[in-house]
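Residue numbers (UniProt numbering): 1 to 122.
Backbone N, C-alpha and C define an ideal beta-carbon position, used for all residues, glycine too.
Notes follow the structure.
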């Protein structure tokens, strides 16, 4: 009886090894970082110019990479569940900083002003 419980428990542990299944059309990590960087820049464009349609900008970025919106969402959920999203966000931030070196100075200035700023808001 005891061996049967151990065997069943072992199968349950192996079956529950992942929180979420890998999507069929998983967006590669580097492409995901590029998209997140593009979305961040588009969002800032919306702050500067009020009449910018962010939905169209998002659709355009996805079309350029030939990625469906649902595939992006499922990939984002997967990377979040596996804990890989932090690396991807860091890579996206590097992409933004490479495109606009002045942003690095601005970010460092804001971090000095707000020392208690959480990591996800940096």
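Please list the terminal residues of the continuous alpha helix (DSSP H) segment that includes residue 98.
85–99
Tell me the start and end of each unbroken alpha helix (DSSP H) in the UniProt domain "DUF4296" (23–96) that is at least 4 residues and wholly inside, in chain order.
29–48, 54–64, 69–82
8 Å Cβ cutoff met for residue 37 and residue 95
yes
With a CB to CB cut of under 8 Å and the five nearest residues on each side skipped, what residues in its chain are close to residue 53?
none
Counting Cβ pairs closer than 8 Å, one from the segment 59–70 and one from the segment 78–88, do we hit at least three?
no
Exposed or buried, residue 48, counting other C-beta atoms within 10 Å across all chains shown (16 or more means buried)?
With fewer than 16 Cβ atoms within 10 Å of its Cβ, residue 48 is classed as exposed.
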